[in-house]
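Structural data, given as structure tokens:
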């Protein structure tokens, strides 16, 4: 569908929602019952408010996704469920983990999944899943939707600044079932075919809950699944599961609830696929949207910088584990005075055994010799197909610093002449231990509803990184790494790669730092809602944040010979283990942040069915753990004191509800300022360096529409629409000229569309119920075009997707249910992320691509991550 058609479609759906406000009579029945009598039951939300309220009465922009709505979807991840909330952009193209979520243009550096939850809080039952966010470590590594999930509440901006911990962009709260709310037993089995019907998926969920007597209720549930993913790497891409349970004691004037969770899961994500053309990117011939470029399993051991032995097996992927224990206490101290305390202790861990930095580059690229450890060696480097004598390529060097391809039998050379993939074997370990506690005292005193409270979160985080080596593979799907040797001019043959096909183990540029430290956050908050008249109310909230970091860095001090240069195996001719990086002198960085966030609103109940409010919010976002850990050299520690980003929002809320119709329209203005932008270059010695950070801002004007309407007895429409105009300004771009910082130049970026921010986002579901036991549902989603970077070098095109499903319930009390789904029915193609061509370093610098470079060669090579291809699903559920 063309862009003009998509705008017309979005406008037509918006018109339906707005018409519902202007013409309430359309939703009334023939009997002309009063609105109060015919209105459906109110949905109560607990997110973003100091005390539970109905959606209609809460002067905030919040959406509640019910269990029924959740059951219609086959979600790839927890983030996928958030697509039901207007105003929110979700990139879940990578798979079950490492996704990107932001709202209302409150985004920066959002094309890379390593920090996808920087501005928002993913919560389970009112507390963050993981308060620490570091590069490639965050909440969605430890959150999985399962049969225990009852509903999702999504808050955009607004009161998130005073009700959430350092998350001004929004709060997404995944609320669990309890034995009191959901008594009974339920078993659910799911089979699927991902990758356009090619790759199997198997899953089993189970739930039990009920009354144990004397006010005691239990609930336990969880899942196990195994899948090859949409792009099969040759081993299972997702395998594992979780178990959750809670025990609720209702003692009359209060309750105590205990929660436990155990997660043990292995997950991967999809890497970049070669493509051509900026106007309308197409995957390169030889690849499809089902192709995987992840490395083979190839288990092997290596030596870490601290001298210990590590191991790597690509099929182990990201191994995530969670142990958490929580308690919630609610108590009514007196009539209208309530106390609530939420507490949780959690241990979250990930062990990495996966590939990364998988980009096309030429076999004679100077940088490839740095990666593999052959820089400075004259002679011939030979790449062979593993386990054979078949030569894929030969590279000759006269001096060790010049490189010329003399033999080329590499595959798919129409993509890139002399082209290969770099394959980094990543082996990072992340460990986090956190205790959180939030206490709230609320009281109704005359015309005032008051709440005061405090929250405390203390996290101890540790990261250790090793280097399992660098592989080189052909430009082909499911690539195998090459065996690499180097022959010196005197005929001596050096083994560059180990028997598993990986070079430069324990060294090279990918052997990351060791980081450990604490993150402590104390918050004090207060709120008041004043009921001025029966219809007019005013509310205000304030939050004081105190965030402190104490971080120790073990930066790489340089490469050192192992066993006198003979390596761990004692053979100097096997280069892969002859050197390893060592840690330098530890550095310590301490940074403290103190600030106030506040919000206020005027709310007016126009009628029993129509409410309007105007809210102003001003908050700050302190740097996360990663932002402070990156300050790791003595000079940086002495000079770099980052300031929090500032978020200002104004929103108007118009909410209407009557029989069969619920509509919310939210015009908004959002400004994100003091946004830092960094780039990474290399100097003449091949060492990374980062030029000074430049700062800019993002302003967004928009409107969100959230509607649910019964169009007759059998047809229901739900829609979430975002129309916005995000603009970036005051940014600048560093241009690297010759190697080294001496001649780098800073170029101002003109004001223009903010990168990775679509102007149109829609998600609309039509549900047809021709009979009580049968429902058919069709979901249409549209993601508008997005600027690819701040220089607006090109636009990622907009795209449509359709998901279809049918559910049939049968048996006594509808105990049995069969549901069939097809996601991405028409196998549509859409680009979600990209990287530059032109070598390894260019691929890491998206902001460095200019429009002039694109105009000069609009059909050049690039790397992309696309939405997941069509998939087929069958789900069976039995309730007891």
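In this note's numbering, the protein residues as written are 3 to 882. Each residue gets a CB set at the ideal place from its N, CA and C atoms; glycine is no exception.
Residue i burial status per 10 Å Cβ neighbour count (16 or more: buried)
| i | result |
| --- | --- |
| residue 747 | exposed |
| residue 204 | exposed |
| residue 403 | exposed |
| residue 596 | exposed |
| residue 66 | buried |
| residue 877 | buried |
| residue 617 | buried |
| residue 41 | Note that residue 41 scores a pLDDT of 35, beneath 50, so its modelled location is shaky; the value from the coordinates is reported in the next line. Flag for residue 41 reads buried. |
| residue 493 | exposed |
| residue 714 | exposed |
| residue 537 | exposed |
| residue 298 | buried |
| residue 853 | exposed |
| residue 670 | buried |
Endpoints, the alpha helix (DSSP H) within which residue i is located
| i | result |
| --- | --- |
| residue 857 | 853-858 |
| residue 95 | No alpha helix (DSSP H) holds residue 95; DSSP gives it neither H nor E. |
| residue 627 | 627-631 |
| residue 575 | It is not in any alpha helix (DSSP H) - residue 575 carries neither H nor E in the DSSP assignment. |
| residue 255 | Here residue 255 belongs to no alpha helix (DSSP H), and DSSP marks it neither H nor E. |
| residue 81 | 80-83 |
| residue 282 | Residue 282 -> no alpha helix (DSSP H), and no H or E assigned at all. |
| residue 373 | 368-374 |
| residue 196 | 196-199 |
Residue i at chain B interface by Cβ criterion, 7 Å
| i | result |
| --- | --- |
| residue 229 | In the structure shown, chain B cannot be found, because there is only a single protein chain. |
7 Å Cβ cutoff met for residue i and residue j
| i | j | result |
| --- | --- | --- |
| residue 245 | residue 224 | yes |
| residue 119 | residue 140 | yes |
| residue 165 | residue 89 | no |
| residue 188 | residue 232 | no |
| residue 782 | residue 766 | yes |
| residue 581 | residue 509 | yes |
| residue 502 | residue 300 | yes |
| residue 444 | residue 453 | yes |
| residue 128 | residue 344 | yes |
| residue 151 | residue 176 | yes |
| residue 545 | residue 611 | no |
| residue 466 | residue 236 | no |
Reference residue i, options the options, closest by Cα
| i | options | result |
| --- | --- | --- |
| residue 389 | 495, 500, 441, 283 | 500 |
| residue 325 | 788, 144, 637, 114 | 144 |
| residue 666 | 603, 261, 61 | 61 |
| residue 186 | 824, 621, 815 | 815 |
| residue 330 | 300, 311, 442 | 442 |
| residue 295 | 359, 321, 420 | 359 |
| residue 380 | 154, 801, 409, 490 | 490 |
| residue 758 | 733, 741, 787, 777 | 787 |
| residue 796 | 194, 755, 84 | 755 |
| residue 675 | 107, 836, 162 | 107 |
| residue 890 | 163, 192, 382 | Outside the shown range of the chain (3 to 882) lies residue 890, about which nothing can therefore be said. |
| residue 154 | 751, 70, 820, 254 | 70 |
| residue 2 | 202, 311, 337, 308 | Here the chain has residues from 3 to 882 only, and residue 2 is not among them. |
| residue 570 | 304, 613, 173 | 304 |
Spatial distance of residue i from residue j (CA atoms)
| i | j | result |
| --- | --- | --- |
| residue 123 | residue 269 | 22 Å |
| residue 731 | residue 543 | 30 Å |
| residue 855 | residue 838 | 11 Å |
| residue 63 | residue 157 | 6 Å |
| residue 729 | residue 568 | 57 Å |
| residue 428 | residue 832 | 28 Å |
| residue 727 | residue 560 | 47 Å |
| residue 673 | residue 409 | 55 Å |
| residue 114 | residue 628 | 14 Å |
| residue 85 | residue 784 | 11 Å |
| residue 865 | residue 738 | 21 Å |
| residue 638 | residue 583 | 22 Å |
| residue 890 | residue 696 | Look at the range of the chain in this structure, 3 to 882, and you will see that residue 890 is not part of it. |
| residue 844 | residue 517 | 27 Å |
Start-to-end residues for the beta strand (DSSP E) that takes in residue i
| i | result |
| --- | --- |
| residue 621 | 612-623 |
| residue 636 | Not the beta strand (DSSP E): residue 636 falls in the alpha helix (DSSP H), residues 636-641. |
| residue 842 | No beta strand (DSSP E) holds residue 842; the alpha helix (DSSP H) holding it covers 842-845. |
| residue 706 | 696-712 |
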